[in-house]
Structure formats: C-alpha cells, structure tokens
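Residue numbers for the sequence shown follow UniProt numbering, so the first one is 1 and each next one is one higher. Virtual Cβ for every residue (Gly too), placed ideally from N, Cα, C.
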Amino acid sequence: MKNKYLSIIIAVLVGMFLTACESYLEEMPQNKLKPSTTDDYAQLLNKGYVTGQVVPYLDILSDDVDLIAADHVMPGTDNGDVYISAYMWQDHHEASMLDGDKAFEKFYESIFYCNVVIENIDKASGVELNEVNVERTRKNIKGEAYALRAYSYFYLVNLYAVPYNPETCTTDPGMPITKSTSAEDKAYTRNTVKEVYDLIVDDLLEGIKLMEANPIKKEAKLKFDALSAKALLARVYLYMQDWDNAIKYAEEVIKENPAIFNLYEAGMKLNMENNSGTGWNATNIWGKDYLSKDNDNVIFVNGINELMPAMSYWLFITTFSVNKDLARQFETGDVRRFYFMQTYSRDTYAGYRTKLSYAKNRYIGLTYTMQDSRESGYTRVIRIEEMYLILAEAYAHKTDGMKKAVDYLNTLRVEKFREGEYTPLKVEDFNQNTLLEFVMKERRLELCFEGHRWFDLRRTTRPAMERVGYNNETARLEKNDPRYVLQIPKRELSVNPAIGSNPR
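Below is the structure:
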C-alpha cells in the first residue's frame with residue numbers, strides 16, 4: 001500500500017513537471033497528493049538520480065573513439081548509428097538520435113525533485129527509515145538533495161555552456177538556475193557560468209555540512225554521501241582552476257579512502273595474455289568488475305549502460321571502436337591496455353573483420369564476451385583514482401608543486417602495471433608544461449570511456465580534430481570551435497526561445 005501511495009505521488013509530480021507550460025517547473029497544487037513523511041521525500045529523491053543512457057554520446061564526441069574504417073563507405077545497421085551526428089560534430093548533435101538529446105530534460109527533472117525535497121522536507125511528518133533520530137534523517141536527506149542538485153547542474157553547464165574561464169565567467173552565458181518548485185509565467189533566461197558554478201559550490205558545501213553532521217546509513221554508493229560530495233567538489237574546483245581548493249578536497253577524500261584498484265593483483269595476471277573475447281559467460285566464473293560499487297576505490301556510481309548504444313544491441317556488431325592513438329599511449333607493462341580494450345572479430349553479415357572494442361566495464365582474469373559488458377555496470381563513476389589525478393594536475397599548476405604532482409602520479413600508476421615492470425617517474429625529467437601534458441595523458445588512459453575526455457578537451461586546449469564518416473564524408477572541429485559547446489536541444493529552443501541557441 002505504501003509503495004502504491006508513493007507511486008501516485010510521483011505520478012502527480014511528474015505530470016505537473018512535464019505538462020505545465022511545457023517548462024520544467026510548476027507550482028505544486030494544494031489539492032493534489034504530495035509527499036508528507038520523511039520516507040516519502042527520501043523515495044522521491046531517489047527519482048532524481050538520472051540513470052540509463054542520457055549522455056551516451058560523450059565519448060563519441062571525443063578523440064578516444066573512431067568509426068570503423070570499413071564503414072566509411074556506407075551506413076551500417078548498427079544501433080550506434082543513431083549517434084553518427086554527434087560523431088561528426090553536427091550543429092545539432094542530436095540529429096540522428098531516435099529520441100533526441102534527453103540530458104537537458106533529465107537533469108532539469110532531477111533538479112526539480114531536489115528542489116521539492118529541499119523546500120519541503122523540514123516540514124515532513126514522522127520517519128519510516130528505521131532511524132531513531134528523525135531530525136538527523138531529514139537533514140541528511142536534505143544534504144543529499146543539495147549534492148544531487150549540484151551534480152545535475154554540473155552536467156548541464158558542461159554540456160551546454162562554455163567552459164569556466166576565470167576572466168570571462170561573469171559574462172559567459174551559462175544555464176537557467178531555478179531553486180524553487182513554484183513556476184512563474186515567464187521565459188527562463190540563462191544565468192552566467194559563474195552564477196551556475198557558484199550555486200554548484202554552495203550546494204556541495206551545504207550538502208557536505210548537513211551530511212557530515214547528520215550521518216545515516218544509505219544504499220552504498222548509489223546515493224551521495226559526504227565523501228562522494230567532497231570528491232565531486234574537488235572535480236568542480238579543478239574545472240574552475242581553483243587549484244588550492246581542488247587539492248584540499250581531493251586530499252580529504254584520499255585521507256579517508258586511499259584505495260587504488262590494483263589491476264594486476266586483482267586477477268589480470270591470471271589471463272592477461274589469453275583473453276580471446278569469446279567463450280565462457282563472465283558472470284559464472286571468478287572475476288572482478290572494474291567499476292563495481294563493491295570495489296573500495298569506487299565511491300559513487302550512476303548511469304547504467306551508458307556505453308551500450310555505441311556497442312549496439314547485437315553481439316559483435318558495433319559502429320565505433322577505440323581510437324588507435326589512444327591504444328598506442330599505453331606503455332609496456334601497463335595492464336590497462338588489456339583491460340579497457342579488446343580485439344575481436346566483428347560480424348558484418350558478409351564476413352568478419354578485427355576491431356578494437358572499448359569495454360571499460362569488463363571483468364578481470366577471465367575469458368569475456370561483449371554481451372557481458374553491455375548488460376551491466378556503471379559509467380558515470382566517481383572513484384579514488386580520479387582524486388589522485390586531480391591532485392597531480394592541481395599541484396602541477398603550482399610553481400612549487402611539481403614534486404607532489406609526480407609523487408601522486410607514481411602512487412597511482414604503480415598499481416596499474418605488471419609487478420616489477422613499473423619505472424617511477426622522476427620530477428627532474430619534466431618542466432611544468434611537459435608535466436601537465438603527462439597528467440592529461442594519464443587522465444585519458446585511466447579515465448577512458450567514463451565521460452571525462454570530452455570535458456577535459458573542453459576545459460583545456462580545445463584542439464582541432466578531424467574524422468571521416470559514412471561515404472567518406474569528412475568533419476573537422478577547429479581549435480576553440482564553438483561546437484565544443486553542444487547545441488540546446490530543439491525541443492527546449494521551441495518551448496523556451498529566451499534561452500537562446502549556442503553560437504555556431
């Protein structure tokens with residue numbers, strides 16, 4: 001009965017959310033069912049976690065992915081073809097998507113749920129979460145809502161607005177900010193990039209404060225807690241080029257949890273050279289999922305099956321493959337090359353050809369099929385390795401920080417090589433520019449296919465890139481190209497023209 005009641009509540013809220021003035025905000029009618037208990041709000045906030053395939057095109061936009069060369073002559077039949085417009089950096093990246101770009105809608109929907117909780121949970125009656133202290137539970141859930149709202153705004157501003165630039169952020173158009181569930185009959189214009197980032201930081205600081213002061217037991221790593229909020233804050237400060245605060249929060253995270261996933265010891269040594277890409281079902285034999293929430297190094301997971309559309313629904317049929325330059329970046333002894341990618345024969349209906357697949361979420365130490373990677377796992381992940389890379393990058397930007405940057409790189413990298421085959425980096429082999437280049441290369445390797453690379457290109461060099469599509473059509477992204485900012489989805493432009501399209 002309780003679940004049925006809550007389903008009615010959620011249906012009412014979603015109905016208001018989607019229909020009122022075609023906007024993402026609407027006043028909650030007083031004569032409708034609405035959340036009343038702390039448990040109601042906790043379950044409502046669960047709906048704010050954006051799952052599924054909302055940004056499957058992120059890696060396709062980047063230089064980590066190529067179209068299979070033999071497909072240049074004609075369109076294929078693969079599910080990944082729906083993302084060819086993103087791959088070719090078309091003005092509307094959603095042009096070939098069957099259902100358009102859902103990220104704008106889904107992240108604002110998440111913000112709506114967060115706003116409902118933030119506005120109302122203090123007035124909630126009772127508690128049904130098996131917590132003795134009702135007030136502590138309310139405050140923790142409110143803190144979680146602040147962190148989740150920050151997370152959604154972070155994605156929105158990095159998808160549809162220019163990167164944070166300390167010199168221009170006060171005037172650069174960002175995204176519309178709403179912190180209320182009450183809608184006004186008005187057009188929603190953009191706040192500045194600085195205003196959006198200021199809100200993200202304020203929300204995370206408030207969320208951390210509330211969750212640290214009011215700890216409760218939660219579903220592990222599927223919801224924000226104080227630790228994962230700090231990790232996100234470290235990432236945000238890095239994007240803001242606030243090196244000192246990025247260091248502060250990343251170091252707080254690794255002080256609490258320094259775990260780095262050792263690929264070799266975890267099982268790669270058992271079968272690193274004998275992973276044929278076919279054979280036993282990976283779920284039936286021993287192995288460990290690199291991005292599993294059960295791993296100590298993973299502190300937050302979200303976004304199930306984000307890679308699947310690029311791989312296709314059909315076994316061994318896919319449109320995109322690993323960029324060869326990325327594959328060549330892995331050094332001798334680096335087991336990530338064997339774990340994050342695999343070579344196998346692709347069924348083309350007219351024979352087989354060998355390609356390099358990206359399969360970040362595969363298991364260790366076992367024979368593996370593509371089917372296993374497509375059916376499980378998370379790709380929007382916050383993990384400890386990212387914190388070490390944040391520290392390396394932030395320290396590398398400081399004139400007196402190069403040694404610490406190299407130390408953090410060595411601490412991370414030694415866990416990713418075969419035993420006895422890692423040669424430590426030496427600070428004297430770098431200047432500041434070459435060290436920063438090395439850090440960005442290491443981010444590309446360690447974080448590949450987790451949605452970081454496109455954002456990293458945006459916030460750093462925004463290089464020129466070229467690629468070849470179907471019928472040998474070429475596409476070029478110029479240096480600092482305005483298409484490093486995705487276009488606002490057509491539906492949003494039609495219902496709210498005041499938001500304005502991004503320059504092209």
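DSSP beta-bridge partners of residue i
{"i": "S180", "result": "DSSP, once it has assigned bridges, lists no residue as partnering S180."}
{"i": "T411", "result": "Answer by DSSP bridge pairing: none, since T411 is not bridged."}
{"i": "R383", "result": "V298"}
{"i": "A475", "result": "R467"}
{"i": "F320", "result": "L67"}
{"i": "D334", "result": "F417"}
{"i": "T37", "result": "S125"}
For residue i, the nearest candidate out of the options (CA to CA)
{"i": "W89", "options": "K490, Y484, I488, A498", "result": "Y484"}
{"i": "residue 514", "options": "P497, P503, Q43, T399", "result": "The question about residue 514 has no answer, for the chain in this structure spans 1 to 504."}
{"i": "K324", "options": "Y395, V50, L67", "result": "L67"}
{"i": "E473", "options": "N46, I84, E212, K490", "result": "I84"}
{"i": "R336", "options": "V414, A145, V134", "result": "V414"}
{"i": "N257", "options": "N295, W243, L263, L291", "result": "N295"}
{"i": "N262", "options": "E446, I499, D64", "result": "E446"}
{"i": "V134", "options": "A259, T38, Y339, F330", "result": "T38"}
{"i": "E301", "options": "Y41, P35, V50, L205", "result": "It should be pointed out that residue 301 corresponds to Val in this sequence rather than to Glu. Ranking the options by Cα distance to V301, first place goes to V50."}
{"i": "Y41", "options": "R138, Y87, V253, I177", "result": "R138"}
{"i": "S180", "options": "F112, M211, I247, A147", "result": "F112"}
{"i": "R467", "options": "V65, N245, F455", "result": "V65"}
{"i": "Y264", "options": "D198, S292, Y339", "result": "Y339"}
{"i": "Q53", "options": "I121, S494, V82", "result": "V82"}
{"i": "D400", "options": "K123, A147, D244", "result": "D244"}
{"i": "A147", "options": "I118, S125, V162", "result": "I118"}
{"i": "P489", "options": "D63, P35, Y108", "result": "Y108"}
{"i": "E450", "options": "S36, K194, S62", "result": "S62"}
{"i": "N120", "options": "F320, S36, N46, D101", "result": "S36"}
{"i": "I247", "options": "D198, E105, A124, A394", "result": "A394"}
{"i": "L477", "options": "T434, D456, N471, M465", "result": "M465"}
{"i": "L493", "options": "Y197, F104, T460, Y87", "result": "F104"}
{"i": "D122", "options": "A86, D101, E195, L210", "result": "L210"}
{"i": "V196", "options": "S182, A213, T178", "result": "T178"}
{"i": "K34", "options": "K102, V439, Y87, V116", "result": "V116"}
{"i": "M341", "options": "S321, A187, S501", "result": "S321"}
{"i": "Q329", "options": "V495, M440, A86, D429", "result": "M440"}
{"i": "Y470", "options": "L199, I260, K255, T319", "result": "T319"}
{"i": "G500", "options": "K255, A396, A187, D198", "result": "A187"}
Supposed contact pair residue j and residue i - C-beta distance, whole angstroms, cut 8 Å
{"i": "K403", "j": "V427", "result": "5 Å"}
{"i": "L409", "j": "E442", "result": "6 Å"}
{"i": "R136", "j": "I216", "result": "6 Å"}
{"i": "T170", "j": "T189", "result": "With 8 Å as the limit, T170 and T189 do not qualify as a contact, their Cβ atoms being about 16 Å apart."}
{"i": "G207", "j": "C114", "result": "10 Å between Cβ atoms; not a contact."}
{"i": "K479", "j": "P463", "result": "6 Å"}
{"i": "G303", "j": "R380", "result": "3 Å"}
{"i": "D334", "j": "K416", "result": "6 Å"}
{"i": "K221", "j": "V298", "result": "6 Å"}
{"i": "H93", "j": "Q487", "result": "7 Å"}
{"i": "L204", "j": "L232", "result": "6 Å"}
{"i": "D412", "j": "E385", "result": "Reading the sequence as shown, one finds Leu at residue 412 and not Asp. The pair is a contact, with the Cβ atoms about 6 Å apart (cut-off 8 Å)."}
{"i": "A250", "j": "A234", "result": "4 Å"}
{"i": "C448", "j": "L326", "result": "7 Å"}
{"i": "V253", "j": "L227", "result": "6 Å"}
{"i": "residue 511", "j": "A161", "result": "This structure cannot speak to residue 511, because the chain is shown only from 1 to 504."}
{"i": "R444", "j": "R453", "result": "6 Å"}
Problem - Stretch pair the segment 154–169 + the segment 229–245: three plus CB contacts closer than 8 Å - result: As far as the Cβ criterion goes, the segment 154–169 touches the segment 229–245, which means the pair count is three or higher.
Problem - Stretch pair the segment 417–429 + the segment 382–392: three plus CB contacts closer than 8 Å - result: Contact annotation: the segment 417–429 does not touch the segment 382–392, with fewer than three C-beta pairs closer than 8 Å.
Exercise for the section: Could you tell me whether the segment 50–61 touches the segment 92–104, where touching means 3 or more Cβ pairs closer than 8 Å? Expected result: Short answer: they touch.
Problem - Segment contact, 8 Å Cβ cut-off, at least three pairs: the segment 137–146 with the segment 161–181 - result: Under the 8 Å Cβ criterion, the segment 137–146 does not count as touching the segment 161–181, having fewer than three qualifying pairs.
Problem - Uninterrupted alpha helix (DSSP H) stretches inside the segment 405–473 (no shorter than 4 residues) - result: Runs found: 432–446, 453–459.
Practice task
Kindly provide the ranges of any alpha helix (DSSP H) runs that are 4 or more residues long and lie completely inside the segment 143–231, ordered along the chain.
Solution key: Taken in chain order, the complete alpha helix (DSSP H) segments of 4 or more residues contained in the segment 143–231 are 193–213.
Problem - Whole alpha helix (DSSP H) elements within the segment 78–141, 4-residue minimum - result: Complete alpha helix (DSSP H) runs here, min 4: 84–87, 103–120.
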